[in-house]
Each structure stands twice: as structure tokens, then as C-alpha cells.
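Peer 1:
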Amino acid sequence: MDNQFVPLYDRVDQAIDKSDFTTVVQYVVKNTNMCKQDPQSIQRLLNNLTRLNLTDFINEVFQALIKIQFTFDSIEYVQPLGKMIEVNKTMTQINVLNQLIINKVTIDTNMIQKALEQCFDQLSDNKEGNTEVEIEKAIINLTKSVLNDPGKYLTQDFVVFLIDRFIQSGKFEEAEKILLDTRLSIQMYPELWKHFIDSQSKFGKYDYCIQIIDQLKTKSVSTGYDHLYNIIIEKFIQVNQRTKPQQIFELFLKLSHRKVLFTYFNQIETLIQIYQLKDLEQFKSAIVEIDYSLDPNAFNLIINLILDAKDFVTAIGMFELVFDSQIKKVDLSQVDVSPNALKVLLKIQTQKLKQGLDWKLEDLSLQGLEHDTQFGKESMIKKWLPIQNDLENSKYLKIDQADQISLNDELSIISKSDYELI
-16 MDNQFVPLYD
-6 RVDQAIDKSD
4 FTTVVQYVVK
14 NTNMCKQDPQ
24 SIQRLLNNLT
34 RLNLTDFINE
44 VFQALIKIQF
54 TFDSIEYVQP
64 LGKMIEVNKT
74 MTQINVLNQL
84 IINKVTIDTN
94 MIQKALEQCF
104 DQLSDNKEGN
114 TEVEIEKAII
124 NLTKSVLNDP
134 GKYLTQDFVV
144 FLIDRFIQSG
154 KFEEAEKILL
164 DTRLSIQMYP
174 ELWKHFIDSQ
184 SKFGKYDYCI
194 QIIDQLKTKS
204 VSTGYDHLYN
214 IIIEKFIQVN
224 QRTKPQQIFE
234 LFLKLSHRKV
244 LFTYFNQIET
254 LIQIYQLKDL
264 EQFKSAIVEI
274 DYSLDPNAFN
284 LIINLILDAK
294 DFVTAIGMFE
304 LVFDSQIKKV
314 DLSQVDVSPN
324 ALKVLLKIQT
334 QKLKQGLDWK
344 LEDLSLQGLE
354 HDTQFGKESM
364 IKKWLPIQND
374 LENSKYLKID
384 QADQISLNDE
394 LSIISKSDYE
404 LI
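Just so you know, my numbering puts 23 at position 40 of the sequence shown, and the rest follows in order with no gaps.
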């Protein structure tokens, strides 16, 4: 009688009747290849173990099945899997989960995220004794399976979670693969890229963001690259405000070499910070550099703010760019300054012609003009107010009002003598 074959179905029935599953679990572990021929009985066993919360037995059965590459292809495995996730059986849960997704069994996204989260945590705190390579491989395999069914699982929050955890784990190449996946274009997930650039900006990784967007361009995923590059500038301003003009100038050059179409806001804010460097030729070269996308309104706003600070030397330099056709996007008919400013600028040019290089700005007679004459055109200066408001309220830029530096204060710091007339 002892040698009589008892099918798995009957063994499960006996275990249920006696509420003792030790023998049947041991049988399945020892005879897994034979038991796999009866998946329904395995499902009954696992679900009864789940009902009784016998998580160690569930883990033993799952592990035995995983070793023989058993196919998990039924919703009946989902509840037992949930128990594994509850007790954090990392390798068991992620392998079973991966098989279920591959075999088109619908899994709740929260369950997938929780399982992955535990696996990512395991990379830094390996309590189960699994090798880091094993855990990494399991995470990457599951991520691939999820990406292969984007319509079912890939919510924006879930993809952001994946990218964040890969970056936190130092697996930047995996985060890149997700970002550059052609099924995740920036039209589908615009916030995804913003989030990524934001996360990298906190660590000053602006060059890295540029490189990733460059890769996106080569894959022809989308046409919205200018938008992404502009976010990099905006994030730089958010993090650094106006404390790193040299760095924003270097960032500006990298993007202008890529012919990025800068937004109106970014043109103004970038040129203001380059102006802070107190190098007239560098400031002029920046305007020439951006000429391919220069907004005449941005040019006029900048020159009027500079005139308002009575920095006539720089204003003359900007006029010369127009006079000499060094910039094409702004012509003389588009330059909009006050009559008082024009009067002073003409006097300066006249004095330069009369007296040559020895002439100093301080020698200029401003007869007929009051000491407190406003040289910046009032209508243009008022355009600065909404820009300042954007600085405070932009969805990308959160700058405390206490830290907001008055542009006029900034400009007045720069003495006219800082520049030499050439």
C-alpha cells in the first residue's frame, strides 16, 4: 500500500482534509518535474497555502517550480504571489511576476511596483543573500517585460518610479533605455522628461541631460527637442538663480551650437546673466551666437534695461551689432528705445568721432536732460514685470521673492568704466 502511486490531486485533498501540508509540499519539492504535469493541483495547493498564510511553504513550492522553469500562466498564481510580496521573498516574487507578465496575465501595477521596490531596496541591503548580479538581472528582465506591454502597465507615475530607482541605484544606462524607448515618446510622457531633467539638475548633471537628449534626437522619437533643451536652462536657473553666470554662459554656448531655439524667457534670463560677467565683447558675442533665434522683443527689453541703468557703453555695443549687420534677426526699424536714449547715444558717437580713443564717457555733456532722466523706454521696462512674475511663479522656477535680485540693482553695480570704448 505504501508503494501505491498517489496522484498530486489526491495528495492535495488529503492535506486540505488534515490541514497538514508538510508532506505534500515535500512531495512537490522532490518530484517537481512530475507534478508540473498537473498545474491545476499546484494551483489548488498554492491557494490553500495562501488561505492559511503558510508563506514558507508557498516559497518552497514556487522556488521548486522556478528551478524547472515552470510556466506561470494563470491568474490563480496571483494571490500566492501577493503573499510572497507581503513577506518580501525578493527573487521568488520577481521571477514569478515576470513569468505572469510574459504570459499575459494581468497584474495590478501597484503589485508590480511594490515587488520592484523591494528588489531595488535589496540591492543596497541584501538580506536574502542573493548576489547583486542576480537581483539586477531579475529587475532588468521584469522591466523589459513591462515595457513590452506599455498599453497595460506603463502609467506615467510607474515609469517615473522606474527611472528614479534605476538612477538611485546607479544604473543610469537602464534609466536611459527607458527614456529612449521609442514607445515612450515625449508626446506620450512630457512630464517624464521634465522629471528626469529635474532629478539630474539637483546634482548639477546638465551635460549629462544634454547627452541623453542628443541620443533621443538620433532615435527620431520626437521633434520636441528644443523644449527639452530649454527645460535644462530653466532648471539651471531654478537651482542656481543668478549666482553662476559663467556656468550658464558655457551651458548657453553648448546649446546654441546645437541651434536650440531658446524661449523668450531663456533668451532674456541668459543674456542678463552673461551681462553680469562684465565683458562687453563676450556679451556681444553671445547675442551674435543666438542670432539664429533672437527675438527682437527680447533684444529691445535687454537694451532698455541697460539704458535704464545708464550703461551707455553696452547699449552702444548692442546698437553696433545692428548697424554693422552682425545680427540678422533685428534690424534698425525694430530697435525700440526712448528719444532721450537716442539723443545720448548719438552724442556719444559724435564725441567719439571728434575726440577719438582718448575720449571718456564722463566728458559727455548731457545738457537739456535732467539728472534723473529715464533712458529706458517705459513701455519696454514694463514688459520686464511679467518676466519677473514668471521668475517667481513659473511651474519650473520657484525662486523666493527675498532672493529675487532687482535687475536695475544688478545693472547699476556694473560701472561704465568696466568697459573700454574701442
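Here a beta-carbon is modelled for each residue, glycine too, at the ideal position from N, C-alpha and C.
Unbroken alpha helix (DSSP H) runs of length 4 or more, entirely within the segment 254 to 314: which are they?
Peer 2: If we require 4 residues or more, the alpha helix (DSSP H) runs fully inside the segment 254 to 314 come out as 263 to 272, 279 to 291, 295 to 306.
Peer 1: Whole angstroms are fine: how far does the CA of Ile220 sit from the CA of Gly187?
Peer 2: Here the question's residue 187 lines up with position 204 in the sequence shown. Here the question's residue 220 lines up with position 237 in the sequence shown. C-alpha separation (whole angstroms): 11 Å.
Peer 1: Residue range of the alpha helix (DSSP H) that Gly65 falls in?
Peer 2: Start at 1 with the first residue of the sequence shown, and residue 65 comes out as number 82. Unbroken alpha helix (DSSP H) run through Gly65: 61 to 69.
Peer 1: Considering only the alpha carbon of each residue, which of Val(-11), Ile118, Asn86 lies closest to Ala98?
Peer 2: The residue given as residue 98 occupies position 115 in the sequence shown. The shortest Cα separation from Ala98 among Val(-11), Ile118, Asn86 belongs to Ile118.
Peer 1: From Asp181 to Ile214, what does the alpha carbon distance come to, in whole angstroms?
Peer 2: One-based indexing of the sequence shown puts residue 181 at position 198. One-based indexing of the sequence shown puts residue 214 at position 231. Spanning the two alpha carbons is a distance of roughly 9 Å.
Peer 1: Quick one: using the 10 Å Cβ neighbour count with 16 as the cut-off for buried, is Asn81 buried or exposed?
Peer 2: Locating residue 81 in the sequence shown gives position 98, counting from the first residue. Asn81 comes out buried.
Peer 1: Would you call Ser316 buried or exposed, if buried means 16 or more other Cβ atoms sit within 10 Å of its Cβ?
Peer 2: Taking the sequence shown and counting its residues from 1, one reaches residue 316 at position 333. That one is exposed.
Peer 1: Thinking Gln270 and Leu254 are a contact (beta carbons under 8 Å), I'd like their distance in whole angstroms, please.
Peer 2: Position 287 of the sequence shown, counted from the start, is the residue given in the question as residue 270. Position 271 of the sequence shown, counted from the start, is the residue given in the question as residue 254. Here residue 270 turns out to be Ile, not Gln, going by the sequence shown. Confirmed, about 7 Å.
Peer 1: Counting only the same chain and skipping the five closest in sequence on each side, list residues whose C-beta sits under 8 Å from that of Arg148.
Peer 2: Numbered from its first residue, the sequence shown carries residue 148 at position 165. Contacts found: Leu99, Glu100, Phe103.
Peer 1: Hey, would you say Asp424 sits closer than 9 Å to Gln250, going by beta carbons?
Peer 2: This structure gives no information on residue 424, because the portion of the chain shown stretches from -16 to 405.
Peer 1: Can you give me the Cβ contacts of Pro228 inside the same chain, cut-off strictly under 6 Å, excluding the 5 residues immediately before and after it?
Peer 2: In the sequence shown, the residue the question calls residue 228 occupies position 245. Around Pro228: Gln256, Gln259, Leu260.
Peer 1: Classify Met74 as buried or exposed, calling it buried when 16 or more other Cβ atoms lie within 10 Å of its own Cβ.
Peer 2: As a position in the sequence shown, residue 74 is number 91, starting the count at 1. The residue is buried, with at least 16 neighbouring Cβ atoms inside 10 Å.
Peer 1: Identify which residue in Gln62, Asn78, Thr126 has its Cα closest to the Cα of Lys50.
Peer 2: The count along the sequence shown starts at 1 and reaches residue 50 at position 67. Nearest of Gln62, Asn78, Thr126 to Lys50, Cα basis: Asn78.
Peer 1: For Glu252, which residues from the same chain have a beta carbon less than 7 Å from its beta carbon, with the 5 sequence-adjacent residues on both sides left out?
Peer 2: Position 269 of the sequence shown, counting from 1, holds the residue named residue 252. Only Ile220 meet the Cβ criterion.
Peer 1: By Cβ distance below 8 Å, which residues in the same chain neighbour Leu162 in space, the five residues on each side in sequence not counted?
Peer 2: Along the sequence shown, one-based indexing puts residue 162 at 179. So the qualifying residues of the chain are Ile146, Leu175, Trp176, Phe179, Ile195, Leu199.
Peer 1: Could you check which residue in Val129, Ser184, Asp164, Asp274 has the C-alpha nearest to that of Asn223?
Peer 2: Indexing the sequence shown from 1 puts residue 223 at position 240. Selected option, being the one with the closest Cα: Ser184.
Peer 1: So Pro(-10) is in the alpha helix (DSSP H); what residue range does that whole segment cover?
Peer 2: Along the sequence shown, one-based indexing puts residue -10 at 7. Where Pro(-10) is concerned, there is no enclosing alpha helix (DSSP H), given that its DSSP letter is neither H nor E.
Peer 1: Using only alpha-carbon positions, find the residue among Tyr10, Gly134, Phe282, Phe55 that is nearest to Thr92.
Peer 2: In the sequence shown, counting from the first residue as 1, residue 92 sits at position 109. Nearest of Tyr10, Gly134, Phe282, Phe55 to Thr92, Cα basis: Gly134.
Peer 1: If you compare alpha carbons, which of Thr297, Asp319, Ala158, Lys66 is closest to Asp262?
Peer 2: The count along the sequence shown starts at 1 and reaches residue 262 at position 279. Per the Cα distances, Thr297.
Peer 1: DSSP three-state call for Lys87: helix, strand or coil?
Peer 2: Residue numbering aside, residue 87 sits at position 104 when the sequence shown is read from its first letter. Note: Lys87 maps to coil in three-state DSSP.
Peer 1: If you draw a straight line from the alpha carbon of Ile193 to that of Asn131, how long is it in whole angstroms?
Peer 2: Within the sequence shown, residue 193 is the residue found at index 210, counting from 1. Within the sequence shown, residue 131 is the residue found at index 148, counting from 1. One C-alpha to the other measures close to 27 Å.
Peer 1: Taking the beta carbon of Glu69 as the centre, do at least 16 other beta carbons fall within 10 Å, making it buried, or is it exposed?
Peer 2: Position 86 of the sequence shown holds residue 69. It is exposed - the Cβ of Glu69 has fewer than 16 other Cβ atoms within 10 Å.
Peer 1: When you measure from the CB of Val271 to every non-hydrogen atom of the ligand FAD, does any distance come out below 8 Å?
Peer 2: As far as ligands go, the structure on display features none, and thus does not contain the ligand FAD.
Peer 1: Looking at C-alpha atoms only, which residue of Leu244, Lys19, Asp56, Gln309 is the closest neighbour of Pro(-10)?
Peer 2: Along the sequence shown, read from residue 1 onward, the residue named residue -10 stands at position 7. When each option's Cα is compared against that of Pro(-10), the closest is Lys19.
Peer 1: Are the beta-carbon atoms belonging to Lys242 and Gln309 less than 9 Å from one another?
Peer 2: Within the sequence shown, numbered from 1, the residue matching residue 242 stands at position 259. Within the sequence shown, numbered from 1, the residue matching residue 309 stands at position 326. No, the pair does not count as a contact, with Cβ atoms beyond the cut-off.
Peer 1: Give every residue of the same chain whose Cβ lies closer than 8 Å to the Cβ of Ala281, excluding the five residues on either side of it in the sequence, and list them in chain order.
Peer 2: Locating residue 281 in the sequence shown gives position 298, counting from the first residue. Same-chain partners within the cutoff: Tyr247, Gln250, Ile251, Leu254.
Peer 1: Does the beta-carbon of Asp291 have 16 or more other beta-carbons within 10 angstroms, so that it is buried, or is it exposed?
Peer 2: Here residue 291 corresponds to residue number 308 of the sequence shown, with the count starting at 1. Looking at its Cβ environment, which holds 16 or more other Cβ atoms inside 10 Å, Asp291 is buried.
Peer 1: If we ignore side chains and look at the alpha-carbon of each, how far apart do Cys236 and Asp274 end up?
Peer 2: To locate residue 236, count along the sequence shown from 1; it is residue 253. To locate residue 274, count along the sequence shown from 1; it is residue 291. Per the sequence shown, the amino acid found at residue 236 is Leu instead of Cys. Their backbone Cα atoms lie some 12 Å apart in a straight line.
Peer 1: From His240 to Asp314, what distance separates their C-alpha atoms?
Peer 2: Against the sequence shown, residue 240 aligns to sequence position 257. Against the sequence shown, residue 314 aligns to sequence position 331. Cα to Cα, His240 sits roughly 23 Å from Asp314.
Peer 1: Between the C-alpha atoms of Asp56 and Pro22, what's the straight-line distance to the nearest angstrom?
Peer 2: What you label residue 56 is simply residue 73 of the sequence shown in a count that begins at 1. What you label residue 22 is simply residue 39 of the sequence shown in a count that begins at 1. Each residue's Cα considered, the two are about 10 Å apart.
Peer 1: Identify whether Asp3 lies in helix, strand or coil by the three-state DSSP scheme.
Peer 2: The residue you call residue 3 lines up with position 20 of the sequence shown. Residue state, collapsed to three classes: coil.
Peer 1: Which value, in whole angstroms, describes the spacing of the CA atoms of Gln151 and Glu264?
Peer 2: Counted from its first residue, the sequence shown places residue 151 at position 168. Counted from its first residue, the sequence shown places residue 264 at position 281. Those two C-alpha atoms are separated by around 43 Å.
Peer 1: Tell me whether Thr54 sits in a helix, a strand or coil according to DSSP, three-state version.
Peer 2: To locate residue 54, count along the sequence shown from 1; it is residue 71. Looking at Thr54 - three-state DSSP - the assignment turns out to be coil, as it is neither helix nor strand.
Peer 1: Please state whether the Cβ-Cβ distance between Val44 and Val8 is less than 9 Å.
Peer 2: For this step, residue 44 is matched to residue 61 along the sequence shown. For this step, residue 8 is matched to residue 25 along the sequence shown. It is a contact, given that the beta carbons lie within the stated cut-off.
Peer 1: Along the chain, where does the alpha helix (DSSP H) that runs through Val129 open and close?
Peer 2: Locating residue 129 in the sequence shown gives position 146, counting from the first residue. First-last of the alpha helix (DSSP H) with Val129: 115 to 130.
Peer 1: Gln209 and Leu234 look like a contact to me (Cβ under 8 Å); what is the Cβ gap, rounded to whole Å?
Peer 2: The residue labelled residue 209 in the question sits at position 226 within the sequence shown. The residue labelled residue 234 in the question sits at position 251 within the sequence shown. Residue 209 is actually Asp in this sequence, not Gln. Rounded, the Cβ-Cβ distance is 15 Å, inconsistent with contact.
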